[in-house]
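Numbering (mature numbering (1 follows the signal peptide of the UniProt record, and there is no 0)), first residue to last: -20 to -1, 1 to 519.
Yeah, the Cβ is synthetic: ideal placement off N, Cα and C, and Gly gets one too.
Just below is one structure, and these are the notes that go with it.
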């Protein structure tokens, strides 16, 4: 699309906004390469409007977001929206199974609505290994003005993007994976795109601040803590939580948390510490919490945190509960907020694994290692293009066999209420995300899941979120109301595993063609592969 066409589209959308109930917010982003030095060496980073990390998106419940993305890279590019649910509209999800890439020198305008959502999320580049170069940023969705929030307005609101990082360029990392090898251990941890003591957050004594923490890294769970300060958890990926106070918080890959921090200590500078979890070599990075009337710089060693203790992390995860007295949007399966009283209609058991295929490292789910087709699955489904995928190409139970390659699509029924068990038989922690949905994390424990494990489920106030961890040699169970028609990506948030096949697409299917159930393909959709040359609307 040319610049003139893009401007015309934006003016048309602005005219629509004049008669629409919900506000429109417009963004124009130019994606480029640029030199960055997060760990002290020059790297090729991915910048958005010259920024690393990219600009925050600030919005309010039900806002329409119009994000015009110009791709000035030399590779196809896509952005996806981690945890922001596109209701009835998986065409805008921004992953390879739903959306055609923006070609070099081209652009695409995402048309998103943050329908019935609040909370803290982030966006990131979903193709190739671009995530290892940047291109990510925070998303905050505030409650509508008259909807009460279960805590006072903070004096400040900060985005805190944390993640492991390599000194290698992303192209070098991708080449390692393409050769069939595993990635080396990361070189460091970034806090808002900077190494130790590179980032700082200003506070005034006696005031309380909100920190929106997202783990945008590639593979490591991270522990977050602030010297001599407590963290009061208030929100997890769009769910107001019971306000529990922690001395430190585990944030697994792909997860987002909001905490309140009160500047209630003597006025000086304090360490903010982020360190790797469950690793024999512990990576640590620091930032500075700086009081406005600070009497001096940070002093002493940074406070230590947990390292390999799984039980500590598991108990913390179980303590995170939904605040049932809070106002605001929250999941409402089958017209009832009492998810524990609804009978599940299907149980799906998913097990990730590693293996060698054709002499190269691959990862899979239920023995299938995902291979992307030449046409986005959602477009093939919409235009009824045969041969792109087949329903049932992945089993809803572990097969026990070796890993093999396929374009894995699991079909589920619209409006079903499903139980999904994530079984981890490996010695490493795993983290899974499902686009288009929030789900109730009803249980997690060590060992093998059995039907008797249901006796341990929290059927009252389990937290609803879109990304959950599965501890080594353990299981995690979720309940999900399949109320969002479309083709949705379920993936490992360990980016090398995702890149090498530990993902699949869930086809939430209905025979209905009503726009009440699913929107048609957008008029401005890019069409590629076997969908090239098709019309986005019937003639």
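Start and end of the beta strand (DSSP E) containing residue i?
i: residue 192; result: 188 to 195
i: residue 292; result: No beta strand (DSSP E) contains residue 292, which is instead part of the alpha helix (DSSP H) from 290 to 299.
i: residue 459; result: 454 to 461
i: residue 204; result: 202 to 206
i: residue 243; result: Segment: none, residue 243 is in no beta strand (DSSP E) and carries neither H nor E.
i: residue 68; result: Looking at the DSSP string, residue 68 is not in any beta strand (DSSP E), and its letter there is neither H nor E.
i: residue 212; result: 211 to 216
i: residue 399; result: 397 to 404
i: residue 327; result: 326 to 337
i: residue 38; result: 37 to 40
i: residue 385; result: 384 to 386
i: residue 260; result: Note, residue 260: premise wrong, no beta strand (DSSP E); not H, not E.
i: residue 389; result: 389 to 393
i: residue 550; result: Outside the displayed range of the chain (-20 to 519) lies residue 550, so it cannot be described from this structure.
i: residue 229; result: 228 to 231
Relative to the alpha-carbon of residue i, which residue among the options has its alpha-carbon at the smallest distance?
i: residue 214; options: 166, 266, 134 and 150; result: 134
i: residue 298; options: 471, 449 and 75; result: 449
i: residue 159; options: 339, 389 and 205; result: 339
i: residue 520; options: 20, 195 and 162; result: Because the chain spans -20 through 519 in this model, residue 520 falls outside it and cannot be assessed.
i: residue 106; options: 120, 193, 469 and 401; result: 469
i: residue 209; options: 51, 193, 506 and 250; result: 250
i: residue 374; options: 425, 390, 382 and 364; result: 390
i: residue 1; options: 285, 21 and 40; result: 40
i: residue 170; options: 514, 51, 59 and 264; result: 264
i: residue 55; options: 42, 77, 85 and 33; result: 85
i: residue 473; options: 410, 427, 296 and 491; result: 410
i: residue 125; options: 419, 380, 43 and 289; result: 43
Tell me the residue span of the alpha helix (DSSP H) that contains residue i.
i: residue 362; result: 357 to 362
i: residue 271; result: Segment 264 to 271 is the beta strand (DSSP E) holding residue 271; no alpha helix (DSSP H) there.
i: residue 479; result: 475 to 479
Compute the beta-carbon to beta-carbon distance between residue i and residue j, rounded to the nearest angstrom, for a pair I have assumed lies under 8 Å.
i: residue 422; j: residue 457; result: 5 Å
i: residue 452; j: residue 415; result: Contact doesn't hold; Cβ gap of about 25 Å is too wide.
i: residue 189; j: residue 271; result: With a Cβ gap of about 11 Å, residue 189 and residue 271 do not count as contacting.
i: residue 247; j: residue 185; result: 5 Å
i: residue 233; j: residue 191; result: Not a contact, Cβ separation roughly 18 Å.
i: residue 115; j: residue 28; result: 6 Å
i: residue 347; j: residue 384; result: 6 Å
i: residue 220; j: residue 360; result: About 39 Å; that fails the 8 Å criterion.
i: residue 46; j: residue 89; result: 6 Å
i: residue 103; j: residue 60; result: 7 Å
i: residue 256; j: residue 202; result: 6 Å
i: residue 328; j: residue 376; result: 4 Å
So what does DSSP say about residue i, is it helix, strand or coil?
i: residue 12; result: strand
i: residue 151; result: helix
i: residue 503; result: coil
i: residue 433; result: helix
i: residue 31; result: strand
i: residue 490; result: coil
i: residue 515; result: coil
i: residue 90; result: strand
i: residue 320; result: helix
i: residue 418; result: coil
i: residue 181; result: strand
i: residue 347; result: coil
i: residue 367; result: coil
i: residue 471; result: strand
i: residue 22; result: coil
i: residue 426; result: strand
i: residue 315; result: For residue 315, the predicted model reports a pLDDT of 49, less than 50, meaning its position is unreliable and no value from the coordinates is stated.
i: residue 510; result: helix
i: residue 464; result: coil
At a cut-off of 7 Å, is residue i close to the ligand COA when judged by its beta-carbon and the heavy atoms of the ligand?
i: residue 113; result: This structure lacks the ligand COA; in fact it carries no ligand of any kind.
Ordered list of beta strand (DSSP E) runs contained in the stretch 103 to 178, each at least 3 residues: 117 to 122, 136 to 145 and 168 to 171
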